[in-house]
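The end of the sequence shown is residue 1323 by the working numbering, with every number in the run present.
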Amino acid sequence: MQKFEHPNICADGADRASVPLKHLEILWINTGTLCNIACANCYIESTPINDRLSYITRDEVARSITGLAHHGVSPASFGITGGEPFMNPYILEILHDLLGKGGKVLLLSNAMKPLQRPHIMAGLKALSDAQKEGLTIRVSLDDATPNLHDKERGAGSFAMSCSGIEWLLHHGFQTTIAGRLWNRDERLVRENYAALFAEKNWSIDARHRESLMLFPEMEEETDPPEITTACWGILNKSPNDIMCSNSRMLVKRAGAKGPSLVACTLLPYDERFDLGEEMGKADQAISLQHPWCASFCVLGGGACSA
Ligand code: SF4
Ligand code: SF4
């Protein structure tokens, strides 16, 4: 038997670890994989032509949330990710519905052209104060200067994202930044961002971890070990520390009749982590059957916002 082959047993015969759902803290909604840019290290491989995950509709989101409730699962908050969510033609309606019920929504965006279209900006401005209060938009800015950011995302993208951030802040949206450490000292990186925020006069606190989330490089190990039930004790970790203990994601595969629920944001294409279209398996324990489970989550400390 090969490593990571059997759902419950590791190649050496030990019991494979699994992660039960403790509580659905965040339901991610993948709006589709199309993106206006093609970043060098996009984990979901989004590009202007990758439509492996289609645009999810307002009705599909609403039906899925009702389906989850029918099975006794109510998300405490929602996350919206893509691709670039503002490319989804239903995004304003989806936001309106989720925020209308007093929901908390975290939306990940590059704040570039898709956000900066007149009808999207008008739709965002039309949100009520209460809806705006529930919404946080986290914009990716890979570094405090254009060099690394544009190398990753294309020439001119730093300036374009900065103009989107400016618009969001000017119109009173809670805006946070997703940055990267690039293997540098965190204190130094925060100082660099603080200088940028001061220069731009942005009211974002670079010392605050949620206002400026800094992500380490996600380096895939070439031959990670399998995670057995004994590993929790050896590593002094709990399954409750792993993001599939508190999150799920809705995806709509190209050609599918409707959305599926998947175990995590990292593995939307791997059908072994698909929990079906009926929403009844939301609380199924997730078998750690992918090398990324080991290298990113159990050994690397990945987070659902990574
Ligand atoms: S902006 Fe985000 S979704 Fe789009 S290619 Fe870059 S990392 Fe991927
Ligand atoms: S990659 Fe991480 S979050 Fe996803 S199923 Fe594996 S352990 Fe869970």
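A virtual CB, placed ideally from N, CA and C, is assigned to each residue, including glycine.
Measuring straight from C-alpha to C-alpha, what distance separates residue 1102 and residue 1109? 10 Å
Does ligand 1 have a heavy atom nearer than 7 Å to the CB of residue 970? For the chain, the structure presents residues 1018 to 1323; residue 970 sits outside this window and is missing.
Report yes if the C-beta of residue 1170 is less than 7 Å from at least one heavy atom of ligand 1; otherwise report no. yes
Taking just the CA atoms, how far does residue 1186 sit from residue 1273? 38 Å
From residue 1235 to residue 1086, what does the alpha carbon distance come to, in whole angstroms? 34 Å
Boundaries (first-last residue) of the beta strand (DSSP E) holding residue 1191: 1191–1197
Any heavy atom of ligand 1 inside 7 Å of the beta-carbon of residue 1101? yes
Which whole runs of the beta strand (DSSP E) in the region 1254–1309 are 3 residues long or more, in chain order? 1264–1268, 1277–1279
In angstroms with no decimal places, state the Cα-to-Cα distance between residue 1025 and residue 1046. 28 Å
Neighbourhood of residue 1074 by C-beta distance below 6 Å, restricted to the same chain and skipping five residues each side: 1107
Tell me whether the beta-carbon of residue 1315 lies closer than 8 Å to the beta-carbon of residue 1259. yes
Using a Cβ-Cβ cut-off of 7 Å (strictly less than) and excluding sequence neighbours within five positions of residue 1310, which residues of its own chain qualify? 1244
Give the single residue among 1191, 1190, 1158, 1192 whose Cα lies nearest to the Cα of residue 1176. 1158
According to DSSP, what are the bridge partners of residue 1015? Residue 1015 falls outside the range modelled here, since the chain spans only 1018 to 1323, and no answer is possible.
If we require 3 or more residues per run, which beta strand (DSSP E) segments fall completely within the region 1035–1089? 1043–1047
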